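Protein chains in written order, with our numbering: chain G, 2 to 342; chain C, 2 to 342; chain H, 2 to 342; chain R, 2 to 342.
Number of protein chains: 4
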Amino acid sequence: VIEEKEFECGCKPSVIPFEKNDSWQILLVGKLNDPEVFPVFSQVIKQFKDKQCTFYVENHSLQKFKDQLIKDQLSEFVDALTEFNSQNHESIIDIIVTLGGDGTILYTMSHFQNRYSPPIIAIEKGTLGFMCMYNIQNIEKDIQKILQNVKVNRNLMVERKMRIHVKILDDKGNIAKQNGVEKSYHALNEIVIDRGPNASCLKMEIFLNNEPLTKTLGDGLIFSTPTGSTAYSLSAGGPIIQNEVRSISLVPICPFSLSFRPIVLPECSELKVKLTEDNRGQGKVSGDGQKIFDLLPGEIVHIESSDLDVYVVRETFKANNVHEWMVKLKKMLNWNSNFSK
Amino acid sequence: VIEEKEFECGCKPSVIPFEKNDSWQILLVGKLNDPEVFPVFSQVIKQFKDKQCTFYVENHSLQKFKDQLIKDQLSEFVDALTEFNSQNHESIIDIIVTLGGDGTILYTMSHFQNRYSPPIIAIEKGTLGFMCMYNIQNIEKDIQKILQNVKVNRNLMVERKMRIHVKILDDKGNIAKQNGVEKSYHALNEIVIDRGPNASCLKMEIFLNNEPLTKTLGDGLIFSTPTGSTAYSLSAGGPIIQNEVRSISLVPICPFSLSFRPIVLPECSELKVKLTEDNRGQGKVSGDGQKIFDLLPGEIVHIESSDLDVYVVRETFKANNVHEWMVKLKKMLNWNSNFSK
Amino acid sequence: VIEEKEFECGCKPSVIPFEKNDSWQILLVGKLNDPEVFPVFSQVIKQFKDKQCTFYVENHSLQKFKDQLIKDQLSEFVDALTEFNSQNHESIIDIIVTLGGDGTILYTMSHFQNRYSPPIIAIEKGTLGFMCMYNIQNIEKDIQKILQNVKVNRNLMVERKMRIHVKILDDKGNIAKQNGVEKSYHALNEIVIDRGPNASCLKMEIFLNNEPLTKTLGDGLIFSTPTGSTAYSLSAGGPIIQNEVRSISLVPICPFSLSFRPIVLPECSELKVKLTEDNRGQGKVSGDGQKIFDLLPGEIVHIESSDLDVYVVRETFKANNVHEWMVKLKKMLNWNSNFSK
Amino acid sequence: VIEEKEFECGCKPSVIPFEKNDSWQILLVGKLNDPEVFPVFSQVIKQFKDKQCTFYVENHSLQKFKDQLIKDQLSEFVDALTEFNSQNHESIIDIIVTLGGDGTILYTMSHFQNRYSPPIIAIEKGTLGFMCMYNIQNIEKDIQKILQNVKVNRNLMVERKMRIHVKILDDKGNIAKQNGVEKSYHALNEIVIDRGPNASCLKMEIFLNNEPLTKTLGDGLIFSTPTGSTAYSLSAGGPIIQNEVRSISLVPICPFSLSFRPIVLPECSELKVKLTEDNRGQGKVSGDGQKIFDLLPGEIVHIESSDLDVYVVRETFKANNVHEWMVKLKKMLNWNSNFSK
């Protein structure tokens with residue numbers, strides 16, 4: 002159940018109840034190749050010392066985590082470390098802490114394909130991230146604040162982000178399989194249909210709410226969430242869409258048309274795409290650049306908004322819903338950097 | 002009170018209760034310079050014969066209306082014709098019938114600045130219109146259907162369209178006046194700030210929810226509704242936004258920046274714009290190209306979504322919410338007309 | 002030697018001397034899968050009956066050509082048909098006749114990599130082509146006119162089109178080889194560097210005249226001739242450039258930048274591109290979509306205008322240099338198809 | 002007569018002979034409202050002490066110039082100062098020195114409407130300028146170098162920039178007049194046709210080389226030189242064109258079309274524009290934002306490249322023709338400032 006609370010600006014940010022007292026299940030995800038990740042996580046773990054938590058980490062980094070805890074004289078937490086296995090643990094995680102940029106969050110969400118996300122404490126490290134609400138500089142204090150708020154209000158203030166769901170249907174309308182696995186994905190940024198290694202352009206037909214919308218020839222199509230509007234969609238000419246404008250943007254990649262401008266569709270839209278009969282070769286479907294399916298002739302790409310939202314924890318005391326977004330727009334994109342004049 | 006009813010596509014179109022039995026107050030607006038307007042309106046009037054309606058028409062066309070009714074042997078309606086006066090009649094109109102294109106609807110809405118619009122039966126004539134749901138070809142039958150539905154269901158199915166509200170504030174925060182009239186307008190398409198006859202570009206600062214968003218130098222700014230996204234905003238490079246995606250698009254006109262891409266903001270956004278201190282000359286503010294205010298140094302342009310929506314009557318039996326929109330997108334804009342290949 | 006002659010418009014179209022009397026070497030190229038190609042070529046061949054020509058055709062179509070000639074009672078030409086082999090015949094061809102669209106011409110030019118092209122009589126068939134100056138409707142008469150002009154003026158009026166030359170250099174500055182063949186190509190439309198089947202974006206550095214121009218991250222880069230400006234470059238947002246404006250357009254494909262607008266460089270520019278050291282994976286280089294090289298880390302893509310122009314025969318009596326171009330712009334691209342208003 | 006000399010890059014920069022020994026006629030133009038202009042010009046004047054020059058300055062700044070010279074103990078130059086009068090002096094000026102940005106050069110060129118420009122030593126001050134090749138920091142040394150080169154080589158190395166010529170023709174084909182003055186202008190950046198204070202969009206028909214190119218509806222049209230391609234044309238979506246690519250870009254301003262992309266035409270093109278018969282109101286024609294003509298129904302705007310080029314002095318020792326251009330592209334436009342990634 003999600004409650005709403007009013008900001009000064011009139012916006013209603015999302016607040017999710019969080020009533021657990023202890024024995025929290027916490028997933029920690031960081032950039033693998035960055036040795037500085039471990040000391041920061043060590044500090045993060047320490048903040049939860051009165052909660053009897055279990056900390057889930059990815060297999061390959063388990064030993065490094067342990068070493069770091071011992072080094073930091075936090076060996077009492079070593080036994081609380083467990084290898085994360087999405088099949089077993091997806092449903093029980095209470096909180097996620099990520100350390101990196103947006104890519105780390107996208108990757109983490111690939112493990113949460115059957116439920117809305119647990120609240121994510123997203124810490125920026127190295128690269129800037131639109132979704133990262135915390136910085137390693139103040140992370141100890143910030144986590145204290147979050148925990149204090151949970152204690153007092155039994156809830157977490159979050160930014161609720163829509164995902165977009167793609168599934169590939171075969172000619173009987175069933176979800177197609179690749180290597181025995183269903184071709185289905187809930188993406189946080191975007192679904193892309195492109196030609197992959199294919200030399201020829203793709204010829205596709207697009208249906209909106211079961212009616213033919215248009216045929217197109219080009220390098221591909223992007224179906225983006227507002228979160229994805231500052232990623233690949235933007236580089237293909239799509240508009241920048243604020244998170245609260247829940248919608249699906251359809252943005253063509255290098256279309257053979259002078260007039261195929263991006264269109265922004267309501268969240269409730271149902272989109273279908275198929276290769277036309279005179280298309281040569283096959284296509285490729287990807288979600289957040291993570292999962293990749295082949296798109297075969299006869300198959301239908303079915304796209305709609307996902308029921309499984311993502312919740313990113315944000316500071317409770319900020320009055321203005323779009324403040325961070327504005328700051329990042331200018332800082333990360335150099336949006337509207339004027340000519341020298 | 003607006004009820005919602007579910008479409009096949011999952012969308013919820015708007016349905017407004019309409020419980021009047023008779024003595025309807027009907028406003029008729031058409032293109033003045035088109036003599037063919039009068040015979041069509043004559044047919045429209047006839048459909049309401051059992052309602053004891055008053056028909057309001059604009060002053061300059063009153064006599065032509067009367068002549069037409071007599072010519073069509075409908076002289077019993079002549080006394081039902083009254084000169085429309087927005088000051089007296091804005092609040093009492095029950096239904097509007099427009100004959101023309103989108104421009105006719107925009108013009109009509111300039112008379113409804115203090116209330117949401119009465120339901121509009123928008124008939125396409127001459128030019129195509131995104132908002133026109135009816136065609137003169139079948140208008141008699143279509144109005145019969147609408148009236149039948151009112152009788153049975155006591156309601157009207159409408160497309161609900163947001164407006165955008167601009168007011169100019171003086172340095173004390175009061176609404177500024179021009180010739181004694183408050184500088185305030187509810188626009189259906191867009192608010193435009195531009196340099197008017199001024200030779201120099203405008204230098205402006207934009208605030209979002211009371212925080213500085215950006216400074217800009219250029220020909221002007223467009224703040225568009227979804228309805229306006231296929232009008233001037235589009236010609237300045239803005240995205241096409243479907244009506245259900247309630248939002249405000251900020252689109253610059255010829256900005257002196259390579260990176261000032263359009264952004265789409267939530268409906269609840271509050272925007273303020275002012276000329277910077279080093280701006281030369283003054284600006285111009287217009288709404289739907291109808292009302293024009295001067296923008297003086299020190300004044301603040303305040304923009305937010307309007308409370309006064311516009312309701313356009315649509316066919317009750319169409320299953321798909323975006324069907325007409327798709328059709329018009331392709332027909333009116335040549336959207337995605339592919340290269341010959 | 003190329004002479005110039007003045008058009009009414011002031012432009013100087015190209016005229017190439019053509020002084021051969023007979024024993025012409027003619028290359029015929031058509032779309033393979035189109036059975037209607039053969040009857041048209043049969044008519045073309047007949048026009049050259051007093052020239053003692055040899056007709057070169059591609060291996061796979063040789064027999065079909067012969068069958069057609071016999072069917073058309075032109076069996077005296079059967080012995081004049083020879084299988085084309087670019088290695089042996091590239092240097093001796095006097096005239097080319099193509100039947101198809103622009104794709105057929107691009108394909109044909111892949112066989113003329115060591116010389117400027119022989120004059121091409123480009124006949125449009127099936128698809129529209131920017132470069133096709135003749136139509137199958139009047140082809141017999143048109144060829145008569147061309148031959149008559151050759152007889153009288155000893156020259157051919159042509160549209161001279163620049164090509165663009167790519168070569169891949171290894172770390173010693175030598176042309177790299179792939180399967181023993183030098184990585185070098187003269188393209189008529191464009192050179193494209195993209196990521197091919199690679200999942201990651203390409204990080205590249207671009208040098209102009211041996212100085213660093215910019216670093217870029219994205220799907221790839223297009224280096225286009227004016228001829229290519231209405232092909233792939235256009236779908237990536239590049240400008241439309243008239244043939245006489247000899248230049249190289251640099252157009253990024255989905256760049257991770259809001260401000261990487263296309264730039265148009267002088268014909269004499271020398272461009273170099275290399276993958277940056279932190280780029281993941283390898284790239285792909287293609288010319289007119291025909292030849293494809295792998296781009297390996299450490300290699301340098303060297304791009305400059307080619308010395309080997311392409312000459313497309315055009316009507317001698319047209320007064321205006323850009324007339325056909327204008328017509329095709331509107332017909333093929335739907336360029337500036339206005340909104341319905 | 003202009004000679005050509007080869008750069009390392011293969012480009013041929015322009016070199017103009019300059020064989021005068023003394024009694025030079027020098028025009029000095031600076032930003033009026035900037036008091037720091039005078040000390041710099043004082044230093045400039047001193048460098049010419051052995052030439053017996055006459056220095057022309059604008060009327061309003063004559064006294065300030067004199068005061069500065071006296072203050073700088075250069076009173077021997079006071080008598081060499083003369084008020085500039087374009088009617089009398091346009092033809093006799095040998096060299097121009099400008100101090101400011103590109104705007105100062107554009108303004109200065111408005112006085113040279115009947116001849117190609119004298120060589121301009123363009124000094125950057127305050128704002129960055131694409132055309133400014135010198136900076137106040139080293140201006141004394143730089144002028145010494147220029148003078149030394151003149152002495153030795155009897156020439157000046159310049160960047161040759163094309164201008165674009167507009168004239169308004171009446172219905173008899175004569176140049177129309179406004180207040181007795183011919184409507185004609187040679188612009189260095191661009192010619193703009195827009196609606197000025199008019200509320201309605203302009204409907205125009207465009208002819209290329211006397212054939213109809215297209216009809217258009219919108220805010221206006223820009224006809225830009227390569228020099229102007231980084232100015233207003235760029236803010237309307239036009240491509241960036243390097244100076245050596247002599248051409249005319251046609252760029253629409255907010256056109257009512259999804260497909261009116263910019264086109265780049267050869268230098269020899271002749272363009273004509275007229276208001277269509279159903280256009281409402283009148284238009285406005287401007288050149289470099291300086292001269293403004295009304296455009297009346299029936300008049301024809303005639304546009305072609307000008308014979309009167311502009312010569313900007315550049316350093317003789319720079320090997321690479323486009324070096325400065327590249328530097329300014331990145332510095333002034335933030336061209337291709339990548340996303341943070």
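Quick reminder that beta carbons are idealized off the backbone N, C-alpha and C, glycines included. Owing to the predicted nature of the structure, the values given are computational and were not obtained by experimental measurement.
Under the Cβ distance rule, I207(G) does not count among the residues neighbouring chain H, no pair being separated by less than 8 Å. Of all alpha-carbon atoms in F42(H), Y108(H), G127(H), N154(H), the one lying nearest the alpha-carbon of N22(H) is that of N154(H).
Per DSSP, reduced to three states, the secondary structure at V302(H) is strand. In the structure shown, H112(G) adopts coil according to DSSP, grouped into three states. In terms of Cβ geometry, G127(R) and G104(R) do not form a close pair [threshold 8 Å]. Boundaries of the alpha helix (DSSP H) harbouring I46(G): 38–48, taken from the DSSP string.
DSSP places E325(G) within a helical segment (H, G or I) once states are collapsed to three. Just so you know, the alpha carbons of S62(H) and L100(H) end up roughly 14 Å apart.
Around the CB of E245(H), 16 or more other CB atoms lie within 10 Å, so the residue is classed as buried. C-alpha of L28(H) to C-alpha of V38(H): approximately 14 Å in a straight line.
Contacts with chain C at 8 Å (Cβ-Cβ) do not include R196(G).
C-alpha of G288(C) to C-alpha of P119(C): approximately 20 Å in a straight line. With the criterion set as a beta carbon lying under 7 Å from some beta carbon of chain G, the stretch 224–237 of chain R has no members that meet it. DSSP places L259(R) outside both helix and strand once states are collapsed to three, so it counts as coil. Restricting attention to Q179(R), I121(R), Y233(R), the CA atom closest to the CA of L334(R) is found in Y233(R).
If you draw a 10 Å sphere on the C-beta of R116(H), you find fewer than 16 other C-beta atoms in it, and that means exposed.
Under the three-state reduction of DSSP output, A81(H) falls in the helix class.
When Cβ-Cβ separations below 8 Å define contact, I242(C) makes contact with chain G. For L63(G), no CB of chain C lies under 8 Å from its own CB, so it is not counted at the interface with that chain.
Shown in chain order are the members of the stretch 326–337 of chain G whose Cβ falls below 8 Å from a Cβ of chain R: K332, M333, L334, N335.
Any Cβ of chain H closer than 8 Å to the Cβ of T277(R) would place that residue at the interface, and such an atom is absent. In this structure, I165(H) sits near S307(H), with a CB-CB distance shorter than 8 Å. Chain order gives the chain G residues near S260(R) as L259, S260, where near means a beta carbon separation below 7 Å. Restricting attention to F131(H), K273(H), E191(H), the CA atom closest to the CA of T215(H) is found in K273(H). Taking C-beta separations shorter than 8 Å and ignoring five residues to either side along the sequence, the partners of I176(H) in its chain run K168, I169, L170, E183, K184, S185, following chain order. Distance from the CA atom of G284(H) to the CA atom of D95(R), rounded to whole angstroms, is 54 Å. In the DSSP secondary-structure assignment, K285(C) is bridged to D195(C), D295(C). A188(H) is bridged by DSSP to I165(H).
For D220(G), there is no enclosing alpha helix (DSSP H); the residue is found in the beta strand (DSSP E) stretching over 212–225. When secondary structure is reduced to three states using DSSP, K67(C) falls in the helix class. Restricting attention to E325(H), K47(H), F294(H), T231(H), the CA atom closest to the CA of G181(H) is found in F294(H).
In this structure, the CA atom of G238(R) is about 10 Å from the CA atom of I254(C). In the structure shown, the three-state DSSP call for K21(G) is coil.
For the pair I93(C) and Q26(C), the CB atoms are nearer than the 8 Å cut-off. Here the alpha carbon of E300(G) sits roughly 14 Å from the alpha carbon of D195(G). In the structure shown, G101(G) adopts extended strand secondary structure according to DSSP, grouped into three states.
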